[in-house]
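Trainee: Residue numbers (our numbering), protein chains in the order written: chain C, 1 to 454; chain V, 1001 to 1454.
Heads up, the beta-carbon is just placed ideally off N, CA and C, and yes, glycines get one too.
Attaching a single structure in structure tokens format; questions to follow.
What follows is the structure, given as structure tokens:
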């Protein structure tokens, strides 16, 4: 296991220690089966985000469905000496039997209302916290960043080029999925194509050209072996000269029934170089050969390039996309909002200390739209209220079982695209975005005040 | 596989598509077995880093040792239609047979010299790029961030509390490992204890206290179930009042042969609250009960707290540690530096386009120290040179086999601690750090100039 791979049999151990010691305490006190409700929510938006795109639910539900402690995990827990045998026997039989309501993947989401609402016996609802948070938070982070990059790229496409800079191989895989939801056309990650069916794209590396030393020879060797229309990397020595060499290859490609799909620039003054390369390509009869750019790009650089008239058709974005460089985390929380008393009655609860006040009770978010379906505002209220708009959280799991197969990724991506197009003016701006109106219902406000008074 | 788990059988697919299409081209051209050398290096330091701590080598070597394309990966690759059967047959038999020299884990490292040097037939050396980069880059990023946080904490301890905010479950696991190397005393991540033997720590969540509603009852239930000396979270309602309630539990704990290990603060004005809580604890006879703090901490906040006299004995650091919040990526590269010509002679190569000039040739880094073992500077030179200082890269793999078992993590951690203590004055400062002197040997400079001239 030196790879840092997490085996299915150890999935239950991918958690914070306190989840297990609290579970033991609930068990020992005989209250493990009292029902509770938790909200998984994002507390606030990072400075440069006007909206978030919900992602990661499929992995979260798969985790809950398959959640269990396998014998080898129980053996390990026994060896730690932290847990009594009676509790370990109980853990061995434990499954997630609760309910989940959630905002589906691809919906836009605004803090601080619930993104997921989990209702289950307290021990189950608590023990899943860590895994659920990391799964939902990272994919939502990346889908939201990808949406910005894709917006900046306008009619040009964006490909996830991040695997080498993501926080480990699994982050690379989850990033590819979330970036696709956020609007990327695909990824360079082969595993993401295998596991999630995400379209994959690839070009060639500088090392390939350097290894051949002769650039034209390198282009020729790569193209001969490549099964389709190749994209050639032209900036290893001199970008404009590289474009000319790529042109020289066109007759050979045509003989084999192929064309030069694109050339890639990875360094230098991309605005200037892309214009020069476009001229060279057009003059050489390669008007339909695209220009693809990569190299430390983000949404701001892409916008500047396109505003400057750079004739770039596609962008490969790595580090800034896969780490959400300007905001590498979201302020996600998992908060108890109702719990059953000794008589089994579920009552709303609140955490009062300092500034981190939570919204109590089992909640829903209603979204209003105008006549042209443009979003106009959200209201966070209590389940059971009848508020204007459409409720965003829908039932996705009951009795520990997913209610439906996960939607197709391409459908989620299309939905996200439509949702982003329906944002109010200014909310999707890259800088100085408008604030989307989110309000709290009078009944929920009254409940907060009432719990404060007690 | 909806968990986003990467199965051993799919390890070879966790890569960029271009690694495979280039491999196919090398194979088709009949030059796959020509030797080449690549440097894995970090191009430069993030603004707030005076040094980096090397980490991730154990996982990198395990990957190289186990590298292969399993039948199910080959089946998938066949289905993509990208590759010829002859190449897939070749891939099925491909193993990594090369050499790796590397700076061992726990050494401090300064860009831009090689962190790893890989020499192998070009197809092998190229195809491993993506996985090696993500593995080494993320752990080095986190070990380096952890070192800063640990330095800021001085005599107080630091625990990795990041699993919920890391970029997915595997990032959480790798983070725990790297943070331990960087000086953390342990992690909240159970899986990291199981897989890597890293000490684990845990307290309790606000939800636990809220679920019981009565804080004292919650403390009692938790302590009864907890196998050792508990740490109680005292800020759910009122921190100072929470400290008093924790005190009330001491007689019961003593009866069972336990004591109150610590109280945890997770919100509010920690400087003020920690002083008040210390007074309450001392006045109540709990002089040896420690104060543990968490909640959006980073190295700067920790230093301010301790400089202000906060009596805090330990810190749990999550988001900022696990995502390296101020610098969530390192500018890592994997560059071809020598390759064999048609006669098999290995020659140094260089990439010239624009500003991204690389250092050619098979290189070594020599580190000089003064009489008291304090580091005084590094020189990047060519293998075969005799330069002042000790060479940093050592042989770790030959013929695809690790030369020794991976060192114990605790030994790596101790080594890192000693290395950081031997840094020149100012290099380890949190702000406005001094620049460590790194120079390039005259022979290497001459080689760069010679290759430029050609």
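To the nearest angstrom, how far is it from the Cα of residue 96/C to the Cα of residue 1234/V?
Mentor: Position 96 of the first chain, counted from the start, is the residue given in the question as residue 96/C. Position 234 of the second chain, counted from the start, is the residue given in the question as residue 1234/V. Their Cα atoms are separated by approximately 29 Å.
Trainee: Could you please give the first and the last residue of the uninterrupted beta strand (DSSP E) stretch that includes residue 1275/V?
Mentor: In the second chain, the residue the question calls residue 1275/V occupies position 275. No beta strand (DSSP E) holds residue 1275/V; the alpha helix (DSSP H) holding it covers 1270-1283.
Trainee: Hey, how far is the Cα of residue 1115/V from the Cα of residue 1132/V?
Mentor: As a first step, residue 1115/V is located in the second chain; it is residue number 115 there, counting from the start. As a first step, residue 1132/V is located in the second chain; it is residue number 132 there, counting from the start. Going from the Cα of residue 1115/V to the Cα of residue 1132/V covers about 11 Å.
Trainee: Residues in the same chain with beta-carbon distance under 6 Å from residue 1153/V, minus the five sequence neighbours each way, listed in chain order, please.
Mentor: Translated into positions along the second chain, residue 1153/V becomes position 153. 1302 and 1315.
Trainee: Just to make sure I have the definition right: I need the residues of chain V whose C-beta is within less than 8 Å of the C-beta of residue 109/C. Which are they?
Mentor: Along the first chain, one-based indexing puts residue 109/C at 109. Neighbours of residue 109/C on chain V: none; closest Cβ ~18 Å, over 8 Å.
Trainee: Counting contacts by CB-CB distance shorter than 8 Å, is residue 1190/V in contact with chain C?
Mentor: In the second chain, the residue the question calls residue 1190/V occupies position 190. It does: the Cβ of residue 1190/V has a partner Cβ on chain C nearer than 8 Å.
Trainee: What is the DSSP secondary structure of residue 1216/V, reduced to helix, strand or coil?
Mentor: The residue labelled residue 1216/V in the question sits at position 216 within the second chain. Three-state result, residue 1216/V: helix.
Trainee: Report the residues of the region 10-37 of chain C with a CB closer than 9 Å to any CB of chain V, ordered along the chain.
Mentor: Taking 9 Å as the cut-off between beta carbons, the residues of the region 10-37 of chain C near chain V are 10, 11, 12, 13, 14, 15, 16, 17, 18, 19, 20, 21, 22, 24, 25, 26, 27, 28, 29, 31, 34 and 36, in sequence order.
Trainee: Who are the neighbours of residue 170/C on chain V, taking C-beta pairs under 8 Å?
Mentor: Sequence index remark: in the first chain, residue 170/C carries index 170 (1-based). Those within 8 Å of residue 170/C in chain V are 1004, 1005, 1006, 1168, 1169, 1170 and 1171.
Trainee: Under 9 Å between beta-carbons, which chain V residues line up against residue 226/C? List them in chain order, please.
Mentor: By 1-based counting over the first chain, the position of residue 226/C is 226. Correct list: 1021, 1024, 1025 and 1082.
Trainee: Whole angstroms is fine: what's the gap from residue 1422/V's alpha carbon to residue 1429/V's?
Mentor: Within the second chain, residue 1422/V is the residue found at index 422, counting from 1. Within the second chain, residue 1429/V is the residue found at index 429, counting from 1. Approximately 13 Å between the Cα atoms of the pair.
Trainee: Closer than 9 Å by beta-carbon distance: list the chain V residues that pair up with residue 204/C, in chain order.
Mentor: Start at 1 with the first residue of the first chain, and residue 204/C comes out as number 204. Correct list: 1018, 1021, 1022 and 1025.
Trainee: So residue 1292/V and residue 1338/V are supposed to be a Cβ contact under 8 Å. How far apart are they, rounded?
Mentor: The residue labelled residue 1292/V in the question sits at position 292 within the second chain. The residue labelled residue 1338/V in the question sits at position 338 within the second chain. Their Cβ separation, rounded to whole angstroms, is 52 Å, which puts residue 1292/V and residue 1338/V out of contact at 8 Å.
Trainee: In chain order, what residues of the same chain lie with their CB nearer than 7 Å to the CB of residue 1376/V, ignoring the 5 residues before and after it?
Mentor: What you label residue 1376/V is simply residue 376 of the second chain in a count that begins at 1. In its chain, beyond the 5 residues on either side, 1368, 1369, 1370 and 1424 have a beta carbon closer than 7 Å to the beta carbon of residue 1376/V.
Trainee: Taking the beta carbon of residue 1167/V as the centre, do at least 16 other beta carbons fall within 10 Å, making it buried, or is it exposed?
Mentor: Residue numbering aside, residue 1167/V sits at position 167 when the second chain is read from its first letter. Classification for residue 1167/V: buried.
Trainee: If the cut-off is 7 Å on Cβ atoms, which residues from the region 1300-1322 of chain V count as contacting chain C, listed in chain order?
Mentor: 1319
Trainee: Which bits of chain V does residue 97/C rub up against, with CB to CB less than 7 Å?
Mentor: In the first chain, the residue the question calls residue 97/C occupies position 97. Per Cβ cutoff of 7 Å: no residues; residue 97/C is ~18 Å from chain V at best.
Trainee: Would you check if the region 1117-1136 of chain V and the region 1024-1032 of chain V touch, i.e. whether three or more CB-CB distances between them fall below 8 Å?
Mentor: yes
Trainee: Starting from residue 46/C, follow the alpha helix (DSSP H) in both directions and report where the run begins and ends.
Mentor: Indexing the first chain from 1 puts residue 46/C at position 46. From DSSP, residue 46/C is part of no alpha helix (DSSP H); its letter is neither H nor E.
Trainee: My assumption, with CB atoms under 8 Å, is that residue 413/C sits in contact with residue 106/C. Please give the rounded CB distance.
Mentor: One-based indexing of the first chain puts residue 413/C at position 413. One-based indexing of the first chain puts residue 106/C at position 106. Yes, they are in contact, since the Cβ atoms of residue 413/C and residue 106/C sit about 7 Å apart, within 8 Å.
Trainee: So, do the region 144-161 of chain C and the region 61-69 of chain C have three or more beta carbon pairs nearer to each other than 8 Å?
Mentor: no
Trainee: Using alpha carbons as the reference points, say which of 203/C, 42/C and 307/C lies closest to residue 261/C.
Mentor: The residue given as residue 261/C occupies position 261 in the first chain. Out of 203/C, 42/C and 307/C, 203/C has the C-alpha closest to the C-alpha of residue 261/C.
Trainee: In terms of alpha-carbon separation, which member of 1218/V, 1026/V, 1111/V and 1074/V lies closest to residue 25/C?
Mentor: Counting from 1 along the first chain, the entry for residue 25/C is found at position 25. For the residues 1218/V, 1026/V, 1111/V and 1074/V, the minimum Cα distance to residue 25/C belongs to 1218/V.
Trainee: Fully enclosed by the region 50-89 of chain C, which alpha helix (DSSP H) runs are 4 residues long or longer?
Mentor: 57-66 and 71-80
Trainee: For residue 4/C, which of helix, strand or coil comes out of DSSP?
Mentor: As a first step, residue 4/C must be located in the first chain, where it is residue number 4. DSSP places residue 4/C in coil when its eight states are reduced to three.
Trainee: Check the Cβ of residue 1270/V against every Cβ in chain C and list those closer than 9 Å, keeping chain order.
Mentor: Translated into the one-based positions of the second chain, residue 1270/V becomes position 270. Those within 9 Å of residue 1270/V in chain C number zero; the least Cβ separation is about 10 Å.
Trainee: By the three-class DSSP mapping on this structure, what secondary structure does residue 240/C have?
Mentor: In the first chain, the residue the question calls residue 240/C occupies position 240. Residue 240/C sits in a helix when the DSSP states are folded into three classes.
Trainee: Is the CB-CB distance between residue 1073/V and residue 1009/V below 8 Å?
Mentor: Along the second chain, read from residue 1 onward, the residue named residue 1073/V stands at position 73. Along the second chain, read from residue 1 onward, the residue named residue 1009/V stands at position 9. The Cβ-Cβ distance between residue 1073/V and residue 1009/V falls below 8 Å.
Trainee: Smallest Cα separation from residue 351/C: which of 1267/V, 1349/V, 1392/V and 1383/V?
Mentor: As a first step, residue 351/C must be located in the first chain, where it is residue number 351. Out of 1267/V, 1349/V, 1392/V and 1383/V, 1267/V has the C-alpha closest to the C-alpha of residue 351/C.
Trainee: Rounded to whole angstroms, what's the CA-CA distance from residue 1149/V to residue 1320/V? Just pull it up for me.
Mentor: The residue you call residue 1149/V lines up with position 149 of the second chain. The residue you call residue 1320/V lines up with position 320 of the second chain. Going from the Cα of residue 1149/V to the Cα of residue 1320/V covers about 9 Å.
Trainee: Find the nearest neighbour of residue 80/C within the set 1207/V, 1311/V, 1263/V and 1198/V, judged by alpha-carbon distance.
Mentor: Your numbering for residue 80/C matches position 80 in the first chain. Out of 1207/V, 1311/V, 1263/V and 1198/V, 1198/V has the C-alpha closest to the C-alpha of residue 80/C.
Trainee: Which residues bound the alpha helix (DSSP H) around residue 445/C?
Mentor: As a position in the first chain, residue 445/C is number 445, starting the count at 1. Looking at the DSSP string, the run of the alpha helix (DSSP H) that includes residue 445/C is 442-453.
Trainee: Excluding sequence positions up to five away, which residues of its chain have a Cβ less than 7 Å from the Cβ of residue 49/C?
Mentor: The residue you call residue 49/C lines up with position 49 of the first chain. Counting only Cβ-Cβ distances below 7 Å, and skipping sequence neighbours, we find 144 and 327.
Trainee: Hey, how far is the Cα of residue 135/C from the Cα of residue 1220/V?
Mentor: Residue 135/C sits at position 135 when you count from the first residue of the first chain. Residue 1220/V sits at position 220 when you count from the first residue of the second chain. Taking the straight line from one Cα to the other gives about 33 Å.
Trainee: Quick one, which of 165/C, 139/C and 61/C has its alpha-carbon nearest residue 1329/V's?
Mentor: On the second chain, position 329 is the one that residue 1329/V refers to. Nearest C-alpha to residue 1329/V: 165/C.
Trainee: Between the alpha carbons of residue 1044/V and residue 1103/V, how many angstroms are there, rounded?
Mentor: Counting from 1 along the second chain, the entry for residue 1044/V is found at position 44. Counting from 1 along the second chain, the entry for residue 1103/V is found at position 103. Their backbone Cα atoms lie some 17 Å apart in a straight line.
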